[in-house]
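Numbering (our numbering), first residue to last: 208 to 790.
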Amino acid sequence: MKNFLLFCLFTLYTCISFAQQQPATLNDVIKKYGEPGTTSPHVSTRDSRPNILFIMLDDARYDSFGPEDPIPFFPTPNIDRIANEGINFKTTVDVLSLCTPARGTFFTGLYPHKNGATSNPENIKNNLPWISSILKSSGYYTGLSGKLGFDEDSVRGFDKYLISTQESYIDSRYNYNGHPNIHIAGHTTDVLTNYAEDIIATRPVDQPFFLYLAHRAPHVPYIPRPEDANLFTNDTMPFPPNDTPYVKNYPSYLYPFNQAGDSIAQDTEYRGYFRMLAGVEYNTGVLLNYLDSLGLLDNTVIFFTSDNGNIKSEHLLQGKQLLYEESIKIPLFIRYPAWFAPGTVITNQIAANIDFAPTLMDLAGVTNTYGMDGVSLRKLASQEVIRHNIMCEVFQENETPSMREARTMDYTLIKSFCDQETEEFFDLVNDPRENINLINDPAYQSIIKYYRCKLDSMRVALKDFGIDTIISCKLKFEDTSHVGFSDNPGPIPACVVPVFDAGDPYNQGGGSTTGIDNIPVEESGIWNVTVFNLLGQPVFNDKRFYKFPLSDQLIYVGNTPPGIYVISFENQGQHLVRKIFLQ
């Protein structure tokens with residue numbers, strides 16, 4: 208009898224535990240916890256500003272969709288519709304190709320080195336406003352459905368939200384408007400789309416809405432919707448033609464740390480990736496049709512993009528946190544008839560994710576007084592603003608060093624912060640797949656020097672004066688022969704380094720090896736001069752007689768290479784520090 212009672216109690220406990228573990232439907236969750244009330248400013252009359260639907264994918268490449276280069280086995284008519292009925296920015300980059308930094312830039316309009324989100328564990332600085340808060344305070348009804356990318360408690364500026372908090376895709380966990388660890392049935396891509404529809408359905412009718420739909424797909428693990436699980440089984444995957452490793456002039460940290468798997472693993476990777484995207488394609492159509500059924504389609508600005516790209520076996524590499532094209536380039540399609548004529552394609556400008564927040568403010572009629580690094584994409588499309596170059600960045604993680612890139616429409620220079628000189632230079636016109644590093648090619652040295660200056664110039668303009676660490680790495684199998692595409696790459700434009708910001712505590716006028724102005728000392732004498740790189744490491748030291756003021760004489764800095772430095776003058780207790788640019 209005793210054993211029988213124990214058996215019954217165990218069975219009852221098991222049943223209760225099983226019931227508690229069963230996921231609820233999204234509708235049941237909404238009924239149980241209710242809809243949060245809006246705290247957006249009330250508007251007395253109907254607001255005619257456009258609605259905004261911002262669809263962001265996770266790790267989706269720029270070349271996976273029809274408007275770019277149609278993939279025969281993977282038609283994307285719903286996603287393509289956004290581009291075909293709007294605008295396609297063909298060259299759009301993520302200034303730091305990693306999930307959290309990309310989202311930090313989306314929310315703030317700032318480079319990661321400014322907003323603080325320089326790696327996946329890092330949050331945005333507390334004193335910075337989020338675009339969601341800016342739009343909400345201007346009268347928009349704001350909703351989030353999807354991946355936040357930061358601590359759940361850090362979410363700001365949303366009237367209602369469903370945050371995906373688990374990387375599994377089936378019957379996953381969410382934070383529903385401050386209620387954590389809610390177990391919801393269904394595939395994440397479907398659940399997020401369904402909640403996006405709920406945000407639209409429950410919006411105040413007198414307010415425009417801003418809906419941020421941040422899909423987890425196609426991020427690993429590749430767990431597609433059940434109806435997509437067997438797609439593409441007999442299709443040939445689009446392996447790149449350059450899926451073999453670099454053999455010369457390549458950074459030593461590439462292999463094995465960033466190396467792709469064998470052909471079987473790569474094939475599996477591709478199939479999983481496209482199966483995940485199939486769910487996004489289907490659900491994009493669901494949302495477009497829903498907006499159309501409500502008569503909201505043409506007054507809703509629809510963005511389609513990704514947080515970053517992803518390298519899939521190019522050069523036998525994988526992942527993202529590298530500054531190659533497959534990693535930094537992202538898709539960007541926008542549908543809004545009031546701004547962009549159908550079928551508009553921008554091929555002569557570089558757009559970037561620093562432009563997203565300024566564009567949203569432009570749509571909302573909010574003046575950009577926040578010091579953001581980007582510009583409105585409307586101005587790029589109309590050629591009111593011309594951008595032919597961009598800086599991208601990476602911060603050291605494990606065996607991969609910090610990096611900076613100066614990219615234009617024609618060339619790209621990538622500088623890795625190694626203990627030995629480690630640079631890459633690619634001709635994007637003749638070598639768009641970045642197969643040949645020209646950094647040691649004699650014919651390209653003049654233009655490489657120009658791009659070094661350009662990179663330093665952009666770092667100055669963006670106040671990028673610090674690198675977190677230097678690691679041991681170098682170029683492997685260096686080759687100094689002429690392997691490029693021209694014996695004369697063409698005329699080299701002048702490189703102008705901007706004046707340092709007057710608010711910079713180190714700055715009293717800027718300078719170079721030709722002289723330093725505005726040092727408020729008249730005493731001539733023997734001065735100890737030390738030049739530090741931006742890591743604070745001394746690279747040159749000298750003691751000699753200098754006559755002040757210094758603006759009319761050369762400052763000897765030995766063989767210090769071109770770049771940005773801090774120069775220190777010391778003499779009998781006096782200590783003067785200035786930033787300089789050596790060229």
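We put the beta carbon where it would ideally sit given N, CA and C, even for glycine.
Its chain contains Glu292 as the residues whose beta carbon lies nearer than 6 Å to that of Pro549, once the 5 sequence neighbours on both sides are disregarded; these appear in chain order.
By the neighbour-count criterion, in which 16 or more other beta carbons inside 10 Å mark a residue as buried, Gln525 falls on the buried side. Under the DSSP definition of a beta bridge, Gln528 lacks any partner. Uninterrupted beta strand (DSSP E) stretches at least 3 residues long and entirely within the region 549 to 596 occur at 551 to 553, given in chain order.
Within the same chain, and ignoring the five residues on either side of Asp301 in sequence, the residues whose Cβ sits closer than 6 Å to its Cβ are Ala309, Asn515, Ile535, Ile537 and Asn560.
DSSP places Ser534 in the helix class (H, G or I) of the three-state scheme. Non-local beta-carbon contacts of Thr551 in its own chain, meaning distances under 8 Å to residues more than five positions away in sequence, involve Gly293, Ile294, Asn295 and Ala588 in chain order.
A Cβ-Cβ separation of about 15 Å leaves Gly316 out of contact with Met598 under the 8 Å criterion.
Minimum Cα-Cα distance from Asp397 among the listed residues Asp634, Pro282 and Ala485 corresponds to Ala485.
For Tyr497, the enclosing alpha helix (DSSP H) starts and ends at Ser470 to Ser500. Among the bridge pairs identified by DSSP, Leu620 is matched with Ala613 and Phe632.
Between Asn644 and the set Phe624, Ser688, Gly673 and Thr676, the nearest pair of CA atoms involves Ser688.
Here Phe365 is buried: its Cβ has 16 or more other Cβ atoms, across all protein chains shown, within 10 Å. Fewer than three Cβ pairs drawn from the region 439 to 449 and the region 384 to 392 lie within less than 8 Å of each other, which leaves the two stretches out of contact.
Per DSSP, the continuous alpha helix (DSSP H) segment holding Phe313 begins and ends at Cys306 to Thr315. Of the residues assessed, Arg542 falls on the buried side of the cut-off, its CB having 16 or more other CB atoms within 10 angstroms.
Here Arg432 is not near Glu374, since their CB atoms are 9 Å or more apart. Residue state for Arg380 is assigned as strand, using DSSP reduced to three classes. Within the model, the alpha-carbon separation for Glu359 versus Ala403 is close to 18 Å. The region 468 to 475 makes no contact with the region 617 to 637, as fewer than three CB pairs between them are under 8 Å. Below 8 Å, too few C-beta pairs join the region 456 to 463 and the region 476 to 490 to call them touching: fewer than three. Put simply, of Ile593, Tyr368, Asp405 and Thr491 the residue whose alpha carbon is nearest the alpha carbon of Ala290 is Thr491. Minimum Cα-Cα distance from Gly393 among the listed residues Asp499, Pro230 and Leu342 corresponds to Pro230. If you keep only unbroken beta strand (DSSP E) runs of at least 3 residues inside the region 368 to 434, you get 380 to 383, 386 to 390 and 416 to 421. For Leu539, the uninterrupted beta strand (DSSP E) segment begins and ends at Leu539 to Arg542. For Val773, the enclosing beta strand (DSSP E) stretches over residues Gly770 to Asn778. Beta-bridge pairing by DSSP links Val508 to Ile259. Going by DSSP, Ile289 is part of the alpha helix (DSSP H) stretching over Pro284 to Asn291.
Taking C-alpha positions only, Trp337 is separated from Glu591 by approximately 26 Å.
For Leu662, there is no enclosing beta strand (DSSP E); the residue is found in the alpha helix (DSSP H) stretching over Gln652 to Ala668. Ranked by Cα distance from Pro458, the options Ser623, Lys519, Asn258 and Asn234 are led by Ser623. In this structure His426 is buried. Its beta-carbon is surrounded by 16 or more other beta-carbon atoms within 10 angstroms. Take Asn642, set aside five residues on each side of it, and the residues of its chain with a beta-carbon closer than 6 Å to its own are Asn449, in chain order. Put simply, of Val746, Trp734, Tyr348 and Gln603 the residue whose alpha carbon is nearest the alpha carbon of Asp413 is Tyr348.
In the three-state reduction of the DSSP assignment, Lys321 falls in the helix class.
Non-local C-beta neighbours of Gln528 in its own chain, meaning closer than 7 Å and more than five positions away in sequence, comprise Ser304, Leu305, Val601, Glu604 and Thr607, ordered along the chain.
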